[in-house]
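One structure is given below, encoded as structure tokens.
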Amino acid sequence: MTVLPTAHWAVLGKTPQSLDDYDVIGSSTGALSKAEFSDWLKSFSSGTVEPKALPRVAASHFSRGGESWLGLSLQTKPESQDGFHRPYTMTWHVCLRWEQVSKTPISYRALYEALQRKDFSGESPFRLSLRDYDPPRLAGVANATARRAAALLLTGRPVCVVRAELPMEQRLDFLDAVAALLPYGMRSGLAVSTWTNSASRHRIRLSFAEVAPAHGAWELPWERDVPHDLPPEARLYEQELAQYEHDGLTRLIRRLAALGRPLDLDSETDRAEALMRVREHTAISLASSVKQVLPESLDSLARADEVRLHELNAHLSQALDRVTDDDRPAYRDIVKRNLTRLPDRLAGSPTTETFFGILLRLLYGPALHRHDLENLCLDLGGLREVPRPLARALKAASARCDPLVKLLITYLIGDAGMRQQLLSNMTVEELLHLIGRSRDATVLDSVLRELGGRGDRKEVAQQLHRHRYLVKPISACLGDAGMEHHRSILQLSRGRLLLPGDVKEIFEALDETPPQAFMLAIVAESGRGTGAALLSGLTAHALRQLGLEGPIKREIEDGLTRMTAPALTRALRSPRRLFGGRLPATTSSQTGRIRTVQDSLRRHFPTPLTESDVEAALDRLEHPAPLADLLAIMAESGPGTAPTLIYWLAHRAVAQLNSRLTAESLADIDQGLQRMTGPRRALPLVWRSHRGQA
Numbered sequence: 004m005t006v007l008p009t010a011h012w013a014v015l016g017k018t019p020q021s022l023d024d025y026d027v028i029g030s031s032t033g034a035l036s037k038a039e040f041s042d043w044l045k046s047f048s049s050g051t052v053e054p055k056a057l058p059r060v061a062a063s064h065f066s067r068g069g070e071s072w073l074g075l076s077l078q079t080k081p082e083s084q085d086g087f088h089r090p091y092t093m094t095w096h097v098c099l100r101w102e103q104v105s106k107t108p109i110s111y112r113a114l115y116e117a118l119q120r121k122d123f124s125g126e127s128p129f130r131l132s133l134r135d136y137d138p139p140r141l142a143g144v145a146n147a148t149a150r151r152a153a154a155l156l157l158t159g160r161p162v163c164v165v166r167a168e169l170p171m172e173q174r175l176d177f178l179d180a181v182a183a184l185l186p187y188g189m190r191s192g193l194a195v196s197t198w199t200n201s202a203s204r205h206r207i208r209l210s211f212a213e214v215a216p217a218h219g220a221w222e223l224p225w226e227r228d229v230p231h232d233l234p235p236e237a238r239l240y241e242q243e244l245a246q247y248e249h250d251g252l253t254r255l256i257r258r259l260a261a262l263g264r265p266l267d268l269d270s271e272t273d274r275a276e277a278l279m280r281v282r283e284h285t286a287i288s289l290a291s292s293v294k295q296v297l298p299e300s301l302d303s304l305a306r307a308d309e310v311r312l313h314e315l316n317a318h319l320s321q322a323l324d325r326v327t328d329d330d331r332p333a334y335r336d337i338v339k340r341n342l343t344r345l346p347d348r349l350a351g352s353p354t355t356e357t358f359f360g361i362l363l364r365l366l367y368g369p370a371l372h373r374h375d376l377e378n379l380c381l382d383l384g385g386l387r388e389v390p391r392p393l394a395r396a397l398k399a400a401s402a403r404c405d406p407l408v409k410l411l412i413t414y415l416i417g418d419a420g421m422r423q424q425l426l427s428n429m430t431v432e433e434l435l436h437l438i439g440r441s442r443d444a445t446v447l448d449s450v451l452r453e454l455g456g457r458g459d460r461k462e463v464a465q466q467l468h469r470h471r472y473l474v475k476p477i478s479a480c481l482g483d484a485g486m487e488h489h490r491s492i493l494q495l496s497r498g499r500l501l502l503p504g505d506v507k508e509i510f511e512a513l514d515e516t517p518p519q520a521f522m523l524a525i526v527a528e529s530g531r532g533t534g535a536a537l538l539s540g541l542t543a544h545a546l547r548q549l550g551l552e553g554p555i556k557r558e559i560e561d562g563l564t565r566m567t568a569p570a571l572t573r574a575l576r577s578p579r580r581l582f583g584g585r586l587p588a589t590t591s592s593q594t595g596r597i598r599t600v601q602d603s604l605r606r607h608f609p610t611p612l613t614e615s616d617v618e619a620a621l622d623r624l625e626h627p628a629p630l631a632d633l634l635a636i637m638a639e640s641g642p643g644t645a646p647t648l649i650y651w652l653a654h655r656a657v658a659q660l661n662s663r664l665t666a667e668s669l670a671d672i673d674q675g676l677q678r679m680t681g682p683r684r685a686l687p688l689v690w691r692s693h694r695g696q697a
């Protein structure tokens, strides 16, 4: 399609035998006056141009009343002399409103060719017949020097190409190519010229000259090495452009031509936007390329075409740093649909290992995370097992992963040696942190085995205390089935049966009421006389959980003191005033429930409660028993009743976890109860533990 924009024009020069200086001797009327044309053309003068540099073509820009213009000038060789017998040149200038230029991209070459066909006479603007913007032609001209020039312009300094003995039209094509490697909107402030006089100061940003000017321009030798002191912004832009050639470069130029919003080369923000726009295109291009290449790679893998797979690996690797998280689901879907098998002949191939290494980064990013390993099993479901090349790729990828993912990789690839080396190099703190993060029973077992082999038991005990005995992580991954793991933790922390002081320390380390499995673990691992400590710890957590303070709290604590006192110290309970005459209590609903249960107990039993009374009261509780009800019974209990409550709590916990407990565990709980509270009737078990009494 031929573009026919309306152009205004002017002619700068002299008339034969004239004694006047250079001025506008003819122009179109309307939008711009002769004076404005004169200011425009003279402001972009590049000094006296030697005859050998003519004809000269230059593009420039102008603003008037907030309206921007783009112009192109042709300065021809002298054909006449002025009144002083001096040869003079003529400059033919056409200009277009930027509003027109931005809608349909126009090349400098197209303007130059259209200008040559026009008759600069009369006073009316004329239409220019411009050939279409031609990205393939511009891509063919954009050599390495053009890439460097475009990159250097983004430093904000002018660029001067030197030592280029080229015809004028070839220089013009080069200027066109450089401009095409920048967002099109930058032409609104880009002045270029096929030749400049370096001895004169000028506003030309990109030009050719014999030598570079001494006023801050980049000197760029024609088809020579890039200057050594390239700043980062230029180096990055050149690296982006260097990725494109042939059709890829054509597509980039077409994309940049669509970016018509004016950009200012003097603005650091606008220059940064140029890099951002090219990177956006790179990301889009690479994503599209991966979608085409990845299925072919998987097909080459299935056909055992190692040569082709090697070639495709090179293409895929170029996209690794540009793939975004938004692209990955599509790639994963391609793999799910196309990865079917790995031929035996490629099982030991380095090319296949490289492919799987690239594939891991394409699908999951530079570093694998835990959820990536879970997705991996789904995405590579076409492989019945982890093949050797994938195992080696995963092992290599583990170097970029955190310790937990490294450990999980060892399970996935079945490398016990790697796993043991990883665990043995970790500190106790790191191992416990691993359990806290993993919430995985397999990881838990491995770490516990490693901790069990550590010689410094004191450090292990201190770290377990700091990590609250891993109650939450174990409960999260094993739930009610975690009692044996809780026991392993307690054994690691002490190396013996628990003493009363140990039980107290354990409860002080916890930040909430422990789960049933942990309480039973304490029972199974407790030594003689620890019942009071267990009941005290449970009571303290219950009081905090219900937020009880004031008189009700003191009554419960008094009851606890009586319960844990020897039964021989039984004494009549001090008389109490009626309910309405008690000291003010907290107004919580829990306090009200406790008071209600206390009143009910007094109506049914003489107080303080005896062991048989406590047992009868406990048996009347619903399941699960509300904490408030248990605390009410404690507040009304007499001396020596603690064992009854402890046994009842253990019975309820065993009933809840029974299907999760082994026969040995149940017997150990029974023996622990008898050590804690003294000989009593055993739990209803028909087996015995092989563990001895403490």
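Going by the working numbering, the first residue of the sequence shown is number 4, and it counts up by one from there. Virtual Cβ for every residue (Gly too), placed ideally from N, Cα, C.
Express the C-alpha separation of Asp505 and Ile555 in angstroms, rounding to a whole number. Just so you know, the alpha carbons of Ile555 and Asp505 end up roughly 28 Å apart.
Relative to the C-alpha of Met522, which candidate in Leu371, Ile672 and Arg403 has its C-alpha closest? Met522 has its Cα closest to that of Ile672, out of Leu371, Ile672 and Arg403.
Rounded separation between Val408 and Ala670 - CA only: The C-alpha of Val408 lies about 38 Å from the C-alpha of Ala670.
Restricting to runs no shorter than 4 residues, where is the alpha helix (DSSP H) found entirely within the region 616-668? Taking 4 residues as the shortest admissible run, the region 616-668 contains the following complete alpha helix (DSSP H) segments, listed from N- to C-terminal end: 630-639 and 645-660.
Exposed or buried, which one is Met566 when buried takes at least 16 other CB atoms within 10 Å? The residue in question, Met566, is buried, as its Cβ has 16 or more Cβ neighbours within 10 Å.
For Glu243 and Thr285, believed in contact at Cβ under 8 Å, the rounded distance: Taking a contact as a CB-CB distance under 8 Å, the pair Thr285 and Glu243 counts as one, their CB atoms being some 6 Å apart.
For Pro298, which three-state DSSP category applies? Three-state result, Pro298: helix.
Sub-8 Å separation of Gly485 and Ala645 beta-carbons: In this structure, Gly485 sits away from Ala645, with a CB-CB distance that is not shorter than 8 Å.
Reducing DSSP to helix, strand and coil, say where Gln20 ends up. In the three-state reduction of the DSSP assignment, Gln20 falls in the coil class.
Alpha-carbon spacing of Gln173 relative to Val52, whole angstroms: In this structure, the alpha-carbon of Gln173 lies about 18 Å from that of Val52.
For Asp561, which of Val600, His488, Arg497 and Ser640 has the nearest alpha-carbon? Ranked by Cα distance from Asp561, the options Val600, His488, Arg497 and Ser640 are led by Ser640.
Exposed or buried, which one is Met679 when buried takes at least 16 other CB atoms within 10 Å? Classification of Met679: buried, given that the 10 Å Cβ count is 16 or more.
Three-state class that DSSP yields for His470 in the structure shown: Three-state DSSP puts His470 in coil, outside helix and strand.
Rounded separation between Arg403 and Gln423 - CA only: It is roughly 19 Å from the alpha-carbon of Arg403 to the alpha-carbon of Gln423.
For Gly263, I'd like the list of residues in its chain whose CB is within less than 6 Å of its CB, leaving aside the five on either flank, ordered along the chain. Hits under 6 Å: Ser105, Tyr187 and Gly188.
What is the residue span of the alpha helix (DSSP H) that Gln423 lies within? It spans Ala419 to Ser427 - the alpha helix (DSSP H) in which Gln423 sits, taken as one unbroken run.
Cα-Cα separation between Asp273 and Pro108, rounded to whole angstroms: Those two C-alpha atoms are separated by around 19 Å.
Does the beta-carbon of Gly68 have 16 or more other beta-carbons within 10 angstroms, so that it is buried, or is it exposed? Residue burial annotation: Gly68 is exposed, with fewer than 16 other C-beta atoms found within 10 angstroms of its C-beta.
Which residue wins for smallest C-alpha separation from Ile492, given the options Leu467, Gly482 and Phe510? Here the closest residue by C-alpha is Leu467.
Among Val389, Asp336, Gly33 and Arg257, which has the Cα closest to the Cα of Ala142? Taking the Cα of Ala142 as reference, the smallest distance to any Cα among Val389, Asp336, Gly33 and Arg257 is reached at Arg257.
Ordered list of beta strand (DSSP E) runs contained in the region 368-413, each at least 3 residues: Counting only unbroken stretches of 3 or more residues, no beta strand (DSSP E) element lies wholly within the region 368-413.
What does DSSP give as the partner residues of Thr165 in its beta bridges? Checking the displayed sequence, the identity of residue 165 turns out to be Val instead of Thr. Looking at the DSSP assignment, Val165 forms a beta bridge with Ala212 and Pro224.
Which value, in whole angstroms, describes the spacing of the CA atoms of Leu323 and Arg306? Each residue's alpha carbon lies about 24 Å from the other.
Assign Val52 to one of three DSSP states: helix, strand, or coil. Val52 sits in coil when the DSSP states are folded into three classes, being neither helix nor strand.
So, helix, strand or coil for Ser76, using DSSP? If DSSP states are grouped into helix, strand and coil, Ser76 belongs with the strands.
Ser21 and Asp85 - do their beta-carbons sit closer together than 8 Å? Remark: C-beta atoms of Asp85 and Ser21 approach each other more closely than 8 Å.
Is it the case that the Cβ atoms of Leu410 and Val463 are separated by a distance below 8 Å? Not a contact, by the Cβ cut-off of 8 Å.
Extent of the continuous alpha helix (DSSP H) to which Arg547 belongs: From DSSP, the alpha helix (DSSP H) with Arg547 extends over Gly534 to Leu549.
Quick one: what does DSSP say His218 is sitting in, helix, strand or coil? Of the three classes helix, strand and coil, the one that applies to His218 here is coil, per DSSP.
If we ignore side chains and look at the alpha-carbon of each, how far apart do Asn146 and Tyr91 end up? Each residue's alpha carbon lies about 35 Å from the other.
Please name the residue in Asn378, Arg373 and Gly360 whose C-alpha comes closest to that of Lys398. Ranking the options by Cα distance to Lys398, first place goes to Gly360.
Would you kindly check if the distance between the Cβ of Ile438 and the Cβ of Pro476 is under 8 Å? Contact flag set, yes.
Quick check on Pro390: buried or exposed, where buried means 16 or more other Cβ atoms within 10 Å of its Cβ? Burial call: buried.
Round the Cβ separation of Val526 and Gly675 to the nearest angstrom and send it over; I've been treating them as touching at under 8 Å. Yes, Val526 and Gly675 are in contact; Cβ-Cβ is about 4 Å, under 8 Å.
Rounded to a whole number of angstroms, what is the C-alpha to C-alpha distance between Gln494 and Glu528? Taking the straight line joining both Cα atoms gives about 8 Å.
Three-state secondary structure (DSSP) of Val326: In this structure, Val326 counts as coil in the three-state DSSP scheme.
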